[in-house]
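Here is the structure we will look at.
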Amino acid sequence: KKVPNVPSVMFATTIENYIILQLKVSVSDYAHCCFPHLTKSESTTEEDYIPYPSVHEVLGRSSPFPLILLPQFGGYWIEGTNHEPKDPPEADQPPSSTSHIKLETNSTAKIYRKHFMGKEHFNYYTMDAALGHLVFSMKYDVIGDQEHLRLMLRSKLKTHHDVIPISCLTEFPNVVQMAKLVCEEVNVDRFYPVLYPKASRLIVTFDEHVISNNFKFGVIYQKFGQTSEEELFGNMKESPAFVEFLEFLGQKIELHDFKGFRGGLDVTHGQTGTESVYTSFHNKEIMFHVSTKLPYTEGDSQQLQRKRHIGNDIVAIVFQEENTPFVPDMIQSNFLHAYVVVQVENGCTDNVTYKVSVTARDDVPFFGPALPDPAIFKKGPEFREFLFTKLINAEYACYKAEKFAKLEERTRSALLETLYEELHINSQSMMGLGGDEDKLENGGGGGGGGFFESFKRVIRSRSQSMDAMGLSNKKSHTVSTSHSGSFTHNPAESPKTPGISLLVPGKSPSKYGRRGICLTFLSLPTVTAPLALRTSRRSKRGGERIDQQGVGSEERIVLQQMEAGTLK
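Numbering (full-length UniProt numbering), first residue to last: 1 to 568.
Spelled out as structure tokens, the structure:
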């Protein structure tokens, strides 16, 4: 049966016609298609499903064997199963180019640092009944000879970013209308300005929390005929070919008093062994958890000291000295989602080559760079560049799997709530509206230290357990902007005014990433400071009279400057 819309992918549902998932995805194929999730047909019932052959069945047949076998009931996809050298070899073939090898990072995470930070721009915050906490940034840009608005909206689910040509708008929008340009679901009456001088530091920290410069990967040594977790973790001796591969990966380091990224290994008491393999790659630090270098415990068939580290990695390398298939479910782990299997040929010679196959769970999207056809590499810097890029991209792709995606959503939501509260409290303080006690209790007194401490706590909780980050349902949010904390805002209860169209007919900013904006926006009040005191009272600062609008003389001066655009 052929998998639709995917080139050169075949599989069989009977053991007699069994074909071990031949995938021939070229670089051009990868650019135009998504990798298939290899699941059984919807029309196939559990009773009718014919499992894949077990590893023992396959080993009972004649070799060569594939590097990877799918588990008997699926759940994983495989890339790179053709390892037959081209015959005759193409002598004039140019060396493989590394131009298509690219780290797949979250590009949105660096936009604020690149385009906003250190430049004139404006930040706002509000609470949406459906979307939750929102933090919005806008900047006036001139690109070429055209004026643009660069907009960023952060919600608990994602960050929206767009660049809108002003020529496409019939009038200059207010902040609510700007937010609707990047996210139509926004349903609020107003945004509140951020007046805290160190706000950019807090915002960029939130945006870049998804970027990591430290990685840890497992390295599992599989000898010929080993088909179980106990056998894999029970290996003690390293063959010359395996030692050569470890030297290819990085440098052997002594763990005691090691100052670089330790990847969870003990560098003080030696409880995780005495040495490991470490390297740096494009300003990123990588620590390898090598199965043979982690402590071996006599009498422990499961070797929990080894599995404790490798089983908590997300991506692992499986090194095969000889031709024995690896099955992804050999190792029981909630965290391991992807494996890069490397099989050596002509080890410890001048003609070392490595066959490579990749497997990952069904809910992990395909990640580049795509394996060549055949998936064979000569030992050298090109293969090292490819392998490390593949490993890092694999980890980023695994974060999109259901288990990690839910964790990231909870982490992001908690961090965004903390950011929102820090911006609100410190903006209040700048306006002279928040009590010093309230500010200090919420961590604002240390120049944003509250956010950074909360940030550390959230990340620490995430690393300790995937289930420790469960967030309780939040009660409806109340924003206190006066001394008495009387102001609240609830967008859902506010009246709406007739809409206007902001777009010039015939003009569309689609070439800047939007597919034509056909939105009708509400004509809403411009941004004002959130002040809504209802009664006259005396200020705590010495009896200064406050009028019916709740604005004292000092606050009125600040508001007038802000509305006139002169307050920096």
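Beta carbons are placed, not taken as given, at the ideal position from N, Cα and C, and that holds for glycine.
Using the rule of at least 16 other Cβ atoms within 10 Å of the residue's Cβ for burial, across every protein chain shown, is residue i buried or exposed?
{"i": "residue 431", "result": "buried"}
{"i": "residue 126", "result": "buried"}
{"i": "residue 424", "result": "buried"}
{"i": "residue 348", "result": "exposed"}
{"i": "residue 257", "result": "exposed"}
{"i": "residue 224", "result": "exposed"}
{"i": "residue 30", "result": "At residue 30, the pLDDT of 37 sits below 50, so the modelled position is not reliable; the number obtained from the coordinates is stated separately. Residue 30 comes out buried."}
{"i": "residue 144", "result": "exposed"}
{"i": "residue 211", "result": "exposed"}
{"i": "residue 56", "result": "exposed"}
{"i": "residue 311", "result": "buried"}
{"i": "residue 178", "result": "buried"}
{"i": "residue 274", "result": "exposed"}
{"i": "residue 138", "result": "buried"}
{"i": "residue 350", "result": "exposed"}
{"i": "residue 198", "result": "exposed"}
{"i": "residue 269", "result": "exposed"}
{"i": "residue 142", "result": "exposed"}
{"i": "residue 259", "result": "exposed"}
{"i": "residue 28", "result": "Residue placement at residue 28 cannot be trusted, given a pLDDT of 35 that sits under 50; what the coordinates show is reported in the next sentence. Classification of residue 28: exposed, given that the 10 Å Cβ count is below 16."}
{"i": "residue 550", "result": "Residue placement at residue 550 cannot be trusted, given a pLDDT of 41 that sits under 50; what the coordinates show is reported in the next sentence. By the 10 Å Cβ count, residue 550 comes out buried."}
Once the 5 residues before and after residue i are set aside, which same chain residues still bring their CB inside 7 Å of it?
{"i": "residue 395", "result": "215, 314, 315"}
{"i": "residue 378", "result": "353"}
{"i": "residue 420", "result": "125, 133, 135"}
{"i": "residue 188", "result": "126, 128, 176, 491"}
{"i": "residue 294", "result": "272, 273, 305, 306, 309"}
{"i": "residue 569", "result": "Lying outside 1 to 568, the shown extent of the chain, residue 569 is not represented and no answer is given."}
{"i": "residue 108", "result": "159, 161"}
{"i": "residue 375", "result": "80, 82, 83, 355, 356, 357"}
{"i": "residue 412", "result": "156"}
{"i": "residue 297", "result": "303, 305"}
Below 6 Å CB to CB, which residues in the same chain sit around residue i once its five sequence neighbours on both sides are set aside?
{"i": "residue 238", "result": "292"}
{"i": "residue 246", "result": "277"}
{"i": "residue 227", "result": "55"}
{"i": "residue 333", "result": "311"}
Whose CA, out of the options, lies closest to the CA of residue i?
{"i": "residue 261", "options": "283, 70, 171, 248", "result": "283"}
{"i": "residue 78", "options": "367, 101, 407", "result": "367"}
{"i": "residue 271", "options": "304, 299, 240", "result": "304"}
{"i": "residue 280", "options": "294, 263, 422, 199", "result": "263"}
{"i": "residue 255", "options": "195, 229, 403, 267", "result": "267"}
{"i": "residue 85", "options": "355, 380, 146", "result": "355"}
{"i": "residue 317", "options": "392, 269, 308", "result": "392"}
{"i": "residue 173", "options": "146, 158, 372, 140", "result": "140"}
{"i": "residue 67", "options": "235, 363, 322", "result": "322"}
{"i": "residue 230", "options": "351, 300, 346", "result": "300"}
{"i": "residue 76", "options": "343, 330, 344, 371", "result": "330"}
{"i": "residue 200", "options": "115, 360, 362", "result": "115"}
{"i": "residue 64", "options": "81, 411, 146, 72", "result": "81"}
{"i": "residue 362", "options": "383, 345, 402, 241", "result": "402"}
{"i": "residue 344", "options": "240, 251, 422, 252", "result": "240"}
{"i": "residue 185", "options": "130, 170, 150", "result": "130"}
{"i": "residue 319", "options": "164, 406, 373, 220", "result": "220"}
{"i": "residue 71", "options": "365, 359, 382", "result": "359"}
{"i": "residue 384", "options": "248, 427, 342", "result": "248"}
{"i": "residue 110", "options": "149, 167, 60, 208", "result": "208"}
{"i": "residue 196", "options": "148, 163, 253, 121", "result": "121"}
{"i": "residue 250", "options": "388, 429, 365", "result": "388"}
{"i": "residue 342", "options": "426, 222, 62, 365", "result": "222"}
{"i": "residue 426", "options": "171, 202, 163, 104", "result": "202"}
{"i": "residue 380", "options": "244, 62, 406", "result": "244"}
Any heavy atom of the ligand MG closer than 7 Å to the Cβ of residue i?
{"i": "residue 378", "result": "For the ligand MG, the structure offers nothing, since it holds no ligand at all."}
To which residues of the same chain is residue i closer than 8 Å at the C-beta, ignoring the five residues directly before and after it?
{"i": "residue 386", "result": "98, 101, 369, 377"}
{"i": "residue 204", "result": "112, 113, 117"}
{"i": "residue 119", "result": "139"}
{"i": "residue 346", "result": "352, 353"}
{"i": "residue 147", "result": "140, 141, 165, 166, 167"}
Runs of beta strand (DSSP E) wholly within the segment 348-432 (minimum 3 residues, chain order):
The DSSP assignment places complete beta strand (DSSP E) segments of no fewer than 3 residues inside the segment 348-432 at 353-361, 376-378, in order along the chain.
Would you call the segment 279-288 in contact with the segment 207-221, where contact means no fewer than 3 C-beta pairs closer than 8 Å?
yes
Sufficient close CB pairs (3 or more, under 8 Å) joining the segment 337-346 to the segment 393-412:
yes
Q) Are three or more beta carbon pairs between the segment 152-171 and the segment 400-417 nearer than 8 Å? A) yes
Quick one: which unbroken alpha helix (DSSP H) runs of 4-plus residues sit fully inside the segment 217-278? Chain order, please.
229-233, 240-249
Checklist entry - Does the segment 319-328 come close enough to the segment 201-215 to have 3 or more Cβ pairs within less than 8 Å? => result No, the segment 319-328 does not touch the segment 201-215.
Problem - Ranges of the alpha helix (DSSP H) found wholly within the segment 85-162, counting only runs of at least 4 - result: none
Determine, using beta-carbon pairs with one atom in the segment 106-125 and one in the segment 185-194, whether at least three such pairs fall under 8 Å. yes
Unbroken beta strand (DSSP E) runs of length 3 or more, entirely within the segment 57-82: which are they? 76-79
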